[in-house]
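**Q** Residue numbers (UniProt numbering), protein chains in the order written: chain A, 1 to 192; chain B, 1 to 460.
All C-beta atoms, glycine included, are put in the ideal place defined by N, C-alpha and C.
I'd like to ask some things about the structure below.
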Amino acid sequence: MTSKESILAAIQANKPDLLPLPEQPEFPYDNNLTEQFRQSLALNGGEAREAKSFNDVTDYLETHFRNSQMIVSLSEKVSGNFDVNMADDPRELEHVELAILEGEWGVAENAAIWLPEEKLHHRALPFIAQHLIVLLKKDRLLGNMHEVYTRINVEGPGYGVFIAGPSKTADIEQSLVIGAHGPRSMTVFLMD
Amino acid sequence: MKAAPTHAAAAAEFLKDSERSHWHDETLWHVRSKRDVSAQKIPEWEQLRTLASQIKDHVLSNLDNLLLQFEKKAQANGIEVLWAKDAQEHNEHVLRILEENQVKQLVKSKSILTEECGLNHFLEDKGYDVVDTDLGERIIQFNKQVPSHIVMPAIHLKKKEIGDIFHEHLGTDAGADDPKYLTEAARQHLRQKFIQAHAAITGVNFGIAETGGFVVCTNEGNADMGTHLADIHIACMGIEKLIPRAADLGVYLRLLARSATGQSITNYTSHFHRPRKGKKMYLILVDNGRTKQLGREDFRNSLKCIRCGACMNTCPIYRRSSGFSYNSTVPGPIGSILSPGMDLNKHSTLPFASTLCGSCSDVCPVKINIHEQLYKWRQVITKEGPPQVSKRWAMRFGGQVMSKPRLFELMGKMARKSLSISPRGFVYNSFNAWGKHRELPEVPKETFKDWYRKNRNHDK
Ligand code: SF4
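What follows is the structure, given as structure tokens:
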């Protein structure tokens with residue numbers, strides 16, 4: 001017997017009678033999604049800003065990232081200074097200072113933003129960059145996790161991730177430190 | 001396997017440093033309090049717990065079919081699926097993959113399963129340098145320790161000690177203990193390891209039967225840094241980690257981080273379904289005692305565990321005695337019902353490391369009846385084997401006395417007399433396991449019965 005066969009046989013011998021799988025629930029949620037998202041993101045160590053247009057984003061970059069040598073932008077409306085297509089291997093992204101991505105959905109209860117592989121170019125990009133900016137349309141905000149799973153197809157992309165804040169740790173005496181391995185900051189622009 | 005030191009003996013060691021024990025207790029209670037605040041914000045919290053438990057009921061009752069569905073989908077998506085009966089086979093699979101792909105450098109993110117299988121030691125014996133990349137795990141790896149908590153592996157260490165460890169291994173300034181400074185040093189050190197790694201090993205939080213994919217949750221982003229840079233991804237998963245549908249993640253992700261640390265979600269929740277183009281992804285499905293536990297009706301529910309650690313944070317025994325006192329990969333209340341299933345002799349004292357207060361069951365997001373199972377293990381152990389001879393002997397003797405009212409009264413009289421004149425050493429000696437951690441109440445001058453006889457007339 002292979003290990004697979006013996007494991008399956010043991011399960012068949014030991015499992016209880018079939019119990020039903022419950023239906024997926026729907027729960028009501030707050031209507032002020034923008035405000036709730038902002039608060040959730042702050043608790044996770046990130047910052048949400050409201051933007052009327054892409055000019056607001058460009059202005060922000062001008063003040064905060066003017067001297068950055070390596071900015072990768074995957075948004076057509078905002079320009080970076082490094083073409084991600086130049087990197088065949090994700091290791092070449094090692095010195096990316098800022099990555100600008102477009103989120104697909106945002107979840108107000110926990111600030112999780114769904115980023116499927118096609119929005120990342122390299123899976124490593126949002127992790128290896130020193131800072132992260134995500135642009136998200138306000139009408140892409142949903143209330144809770146049940147909602148978002150009815151909208152996305154997790155299997156479609158080979159990889160997809162919910163990002164809800166910058167890289168963080170509290171492994172030293174429970175003190176929160178932002179910037180464990182990945183981004184040292186995460187700013188989300190909620191676009192009109 | 002040889003019996004481990006009893007939980008009580010190991011706890012006594014930890015309690016010698018009362019200042020540390022007090023600090024440990026407070027730190028974990030703080031985490032527990034954050035969990036409460038977070039849970040109270042969700043009006044449907046109790047409904048979510050019930051759903052989470054019911055979904056797992058279904059999974060356990062249909063595990064064989066779901067695993068087959070999962071494997072088929074995963075294979076169709078280009079993931080190589082391997083099965084392992086036990087820890088040894090799991091470790092051998094990993095080794096073979098590393099050898100076949102001529103991997104030299106590897107990084108690993110947090111996986112309690114690989115800890116359970118002793119993977120690091122196994123690979124180190126074969127000459128591999130396994131780099132744990134979760135900050136807490138890297139700290140204890142430097143310190144040659146195992147995790148003392150499943151979510152916060154280095155919770156037993158103070159920053160001063162971590163500063164010393166980093167000074168020795170990473171060359172940070174002597175005496176420096178600022179968490180920000182130390183984290184930055186680890187960041188720089190581990191970035192190099194990520195860039196150099198050929199293979200990345202991760203655990204799995206959830207496997208999705210209908211899509212053949214799996215989900216990994218971290219706050220640091222270390223699982224992603226590892227897997228997206230390396231050519232080979234090896235994911236190690238206990239067979240009970242399965243859920244039927246992607247939508248079930250809605251239920252579990254709302255519960256997991258809130259129960260663990262009070263966060264609404266971990267900052268990264270990664271869904272893996274296919275390897276990167278030209279790269280390889282392996283998934284190892286591990287039994288290692290899980291199918292046996294499935295067959296134990298009284299203990300089956302323990303397989304629902306999603307490893308949030310809430311039962312540890314709330315446990316009055318865990319908080320005061322620390323994870324090491326359990327001598328088991330998974331410590332705390334849930335460890336005390338899982339580990340006896342793996343090796344009853346080695347872990348026979350763990351079900352007794354509880355006050356049976358039930359706080360663990362109250363916070364468990366998948367509603368495992370932890371304290372009831374602890375009690376059931378006690379019954380199994382006292383019937384089958386010697387937990388700790390002196391406590392058992394005392395219990396049997398006590399049982400006889402309790403069942404005979406006359407004898408009980410007589411023994412009581414003797415005890416009141418003798419305790420009041422006994423030297424301490426006679427009462428709190430090594431034969432009296434209960435005397436170790438408990439002060440006896442002051443001896444009453446008369447029995448309740450005597451008192452009642454005397455006083456009932458007053459009411460008339
Ligand atoms: S038993 Fe429950 S509370 Fe304890 S770690 Fe598992 S899921 Fe969390």
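Under a three-way DSSP split, which group does B/L303 fall into?
**A** In this structure, B/L303 counts as helix in the three-state DSSP scheme.
**Q** Would a C-beta distance cut-off of 8 Å place A/E173 and B/P179 closer than the cut-off?
**A** yes
**Q** DSSP three-state label for B/V130, please.
**A** B/V130 falls in the strand class under three-state DSSP.
**Q** With a threshold of 8 Å, are at least 3 pairs of Cβ atoms found where one atom belongs to the region 199-210 of chain B and the other to the region 168-177 of chain B?
**A** no
**Q** With which residues is A/P116 paired in a DSSP beta bridge?
**A** In the DSSP assignment, A/P116 forms a beta bridge with A/G160.
**Q** In three-state DSSP terms, what is B/D154?
**A** The sequence shown places Ala at residue 154 of chain B, not Asp. Correct three-state label for B/A154: coil.
**Q** Does the beta carbon of A/D83 come closer than 8 Å to any beta carbon on chain B?
**A** no
**Q** Measure the C-alpha to C-alpha separation of B/F352 and B/Q379 and round it to an integer number of angstroms.
**A** 10 Å
**Q** Which stretch, first to last residue, makes up the alpha helix (DSSP H) that contains B/V380?
**A** I370 to E384
**Q** Give a yes or no on whether 8 Å exceeds the smallest Cβ distance from B/E26 to chain A.
**A** Taking Cβ atoms only, chain A never reaches closer than 8 Å to B/E26, which makes this a no.
**Q** Tell me whether B/H7 sits in a helix, a strand or coil according to DSSP, three-state version.
**A** helix
**Q** Relative to the alpha-carbon of A/N187, which residue among A/I152, A/V134 and A/V161 has its alpha-carbon at the smallest distance?
**A** Note that residue 187 of chain A is Thr in the sequence shown, not Asn. Distances from the CA of A/T187 to each of A/I152, A/V134 and A/V161 were compared; the closest alpha carbon is that of A/V134.
**Q** Would you list the residues sitting across from B/K292 in a DSSP beta bridge?
**A** None; B/K292 has no bridge partner.
**Q** Got a sec: is the Cβ-Cβ distance from B/W393 to anything in chain A below 8 Å?
**A** A caution first: B/W393 carries a pLDDT of 45, below 50, which makes its placement in the model unreliable, though a value can still be read off. No, no contact with chain A.
**Q** Measuring CB to CB, does B/I234 end up less than 8 Å from B/I97?
**A** yes
**Q** Mind checking B/M312: buried by the 16 CB within 10 Å criterion, or exposed?
**A** buried
**Q** Just grab the DSSP bridge partners of B/K280 for me.
**A** B/I232
**Q** Give the interface partners of A/V161 over in chain B, defined as CB-CB distance under 9 Å, in chain order.
**A** D224, Y268, T269, S270 and H271
**Q** In the region 71-102 of chain B, which residue ranges form an unbroken beta strand (DSSP E) of at least 3 residues, counting only runs that do not cross its ends?
**A** 80-84
**Q** Taking 8 Å as the threshold (beta carbon to beta carbon), is A/T187 in contact with chain B?
**A** no
**Q** For the ligand SF4, is there any heavy atom lying closer than 7 Å to the beta carbon of B/R274?
**A** no
**Q** With DSSP collapsed to three states, give me the class of B/F272.
**A** strand
**Q** In chain order, what residues of the same chain lie with their CB nearer than 8 Å to the CB of B/S339, ignoring the 5 residues before and after it?
**A** Around B/S339: Y326, S328, T329, V330, K346, H347 and L350.
**Q** Determine the extent of the beta strand (DSSP E) in which B/F324 is found, giving its start and end residues.
**A** First-last for B/F324: undefined, no H or E at that position.
**Q** Which residues, taken in chain order from the region 26-52 of chain A, show a beta carbon closer than 8 Å to some beta carbon of chain B?
**A** Residues of the region 26-52 of chain A with a C-beta less than 8 Å from any C-beta of chain B: F27, S40, L43, N44 and G45, listed in chain order.
**Q** Given the structure, does B/A310 come close to the ligand SF4, in the sense that its CB is under 7 Å from one of the ligand's heavy atoms?
**A** yes
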